[in-house]
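Asker:
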Amino acid sequence: GDSVTQMEGPVTLSEEAFLTINCTYTATGYPSLFWYVQYPGEGLQLLLKATKADDKGSNKGFEATYRKETTSFHLEKGSVQVSDSAVYFCALYKAGTALIFGKGTTLSVSS
Amino acid sequence: GAVVSQHPSWVICKSGTSVKIECRSLDFQATTMFWYRQFPKQSLMLMATSNEGSKATYEQGVEKDKFLINHASLTLSTLTVTSAHPEDSSFYICSARAGTGSGTQYFGPGTRLLVL
Chain B
1186 GDSVTQMEGP
1196 VTLSEEAFLT
1206 INCTYTATGY
1216 PSLFWYVQYP
1226 GEGLQLLLKA
1236 TKADDKGSNK
1246 GFEATYRKET
1256 TSFHLEKGSV
1266 QVSDSAVYFC
1276 ALYKAGTALI
1286 FGKGTTLSVS
1296 S
Chain S
43 GAVVSQHPSW
53 VICKSGTSVK
63 IECRSLDFQA
73 TTMFWYRQFP
83 KQSLMLMATS
93 NEGSKATYEQ
103 GVEKDKFLIN
113 HASLTLSTLT
123 VTSAHPEDSS
133 FYICSARAGT
143 GSGTQYFGPG
153 TRLLVL
């Protein structure tokens, strides 16, 4: 079945470091891809999305490009802040279904 | 942007009682709503999917008689945990989707349930 695999965390970085969180997927057809962020004790917030191959989603300095050839949607940010500390979920969507989530990657940024 | 609210945000109850959690889409009509359960430091586990006016579709292993879901309107869904037990203690998150287009789901802030 369809699935999403994220890199194991936690990821620990210093402020202003470069961030990459890897995400790969397995799916038939042409899914849409998402990154959600969850701050402690809260629900999930949509961070960015891409609906077709080669699309780049971006928001708040985060970017991810939908790569069909490598079935990947890696999340990147050039300079992380302490406030970016959270759990990040990669997810895919196919019509008529609920989102399928990866296991989440915890990011911890220290000053 | 699209906002989903949940109420209550925290609930503590005695074992054997029932608890109702409300999920509302505040600025859009949600044709489909989803209920998830999340254990500490884990991903979200989909419990059920509901379409307005229809019976909910439950995921395998989720007891439909224990977790009653009602989606009576395009802006409101409720989850009732019946005869709650300590093992039902968890973080419950609802999500709403306006249509089947890009599939974007908007999430509520979650409800933390503690059953004593």
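So the protein lines, in turn, are chains B and S.
According to our numbering, the stretch in the first sequence is residues 1186 to 1296, in order.
According to our numbering, the stretch in the second sequence is residues 43 to 158, in order.
The beta carbon of each residue, even a glycine, is placed where N, CA and C say it ideally should be.
Bear in mind that the values here come from a model prediction, so they are computed numbers and not experimental data.
1. Name the DSSP bridge partner or partners of S92/S?
2. Quick one: give me the first and last residue of the beta strand (DSSP E) that V1222/B is part of.
3. Hey, does F1286/B have any beta-carbon neighbour from chain S nearer than 8 Å?
4. For S67/S, count neighbouring Cβ atoms within 10 angstroms of its own Cβ and tell me buried if that reaches 16, exposed if not.
5. Counting only C-beta atoms, is I135/S closer than 8 Å to chain B at any point?
6. Would Q71/S pass as an interface residue toward chain B - the criterion being a Cβ-Cβ separation below 8 Å?
7. Taking only beta-carbon positions, decide if Q102/S is within less than 8 Å of chain B.
8. Quick one, which of Y1210/B, E1200/B, V1196/B and F1258/B has its alpha-carbon nearest V1265/B's?
9. Please give me, in chain order, every unbroken run of the alpha helix (DSSP H) with length at least 4 that falls completely inside the region 1216-1271 of chain B.
10. Mind listing which residues of the region 1264-1285 of chain B have their C-beta closer than 9 Å to chain S's C-betas, in chain order?
11. Taking Cβ to Cβ, would you say V104/S is nearer than 8 Å to D130/S?
12. Would you please verify whether the beta carbon of S92/S is less than 8 Å from any beta carbon of chain B?
13. Quick one: list the residues of chain B neighbouring S85/S, beta-carbon separation under 8 Å, in chain order.
14. Residues of the region 1210-1236 of chain B with a CB closer than 9 Å to any CB of chain S: list them in chain order, please.
15. For P151/S, which residues in chain B fall below 7 Å Cβ to Cβ?
16. Taking 8 Å as the CB-CB limit, is L88/S close to chain B?
Answerer: Taking the structure as given:
1. The residue labelled residue 92/S in the question sits at position 50 within the second sequence. Among the bridge pairs identified by DSSP, S92/S is matched with M75/S.
2. By one-based count along the first sequence, residue 1222/B stands at place 37. The continuous beta strand (DSSP E) containing V1222/B extends over residues S1217 to Q1223.
3. To locate residue 1286/B, count along the first sequence from 1; it is residue 101. Taking Cβ atoms only, chain S reaches closer than 8 Å to F1286/B, which makes this a yes.
4. Along the second sequence, read from residue 1 onward, the residue named residue 67/S stands at position 25. So S67/S ends up on the buried side.
5. Within the second sequence, residue 135/S is the residue found at index 93, counting from 1. It does; some Cβ of chain B falls within 8 Å.
6. Indexing the second sequence from 1 puts residue 71/S at position 29. Answer no: the Cβ-Cβ gap between Q71/S and chain B never drops below 8 Å.
7. Within the second sequence, residue 102/S is the residue found at index 60, counting from 1. With 8 Å as the cut-off, Q102/S does not count as an interface residue toward chain B.
8. For the purposes of this step, residue 1265/B is taken as the residue at position 80 of the first sequence. The option with the nearest alpha carbon to V1265/B is E1200/B.
9. List check, alpha helix (DSSP H) in window: nothing returned.
10. Listed by position, the residues of the region 1264-1285 of chain B near chain S (Cβ gap below 9 Å) are V1272, F1274, A1276, L1277, Y1278, K1279, A1280, G1281, T1282, A1283, L1284 and I1285.
11. Residue numbering aside, residue 104/S sits at position 62 when the second sequence is read from its first letter. Residue numbering aside, residue 130/S sits at position 88 when the second sequence is read from its first letter. No.
12. Counting from one through the second sequence, the residue named residue 92/S turns up at place 50. Taking 8 Å as the threshold, the shortest C-beta distance from S92/S to chain B does not fall below it.
13. Translated into positions along the second sequence, residue 85/S becomes position 43. At a beta-carbon threshold of 8 Å, the residues of chain B lying near S85/S are F1274, F1286, G1287, K1288 and G1289, ordered along the chain.
14. Those residues of the region 1210-1236 of chain B that come within reach of chain S (Cβ to Cβ, closer than 9 Å) are P1216, S1217, F1219, Y1221, Q1223, G1226, E1227, G1228, L1229, Q1230, L1231, K1234 and T1236.
15. The residue given as residue 151/S occupies position 109 in the second sequence. One finds E1227 and G1228 in chain B with Cβ atoms closer than 7 Å to the Cβ of P151/S, taken in chain order.
16. Numbered from 1 along the second sequence, position 46 holds the residue referred to as residue 88/S. For L88/S, the answer is yes, since a Cβ of chain B falls inside 8 Å of its Cβ.
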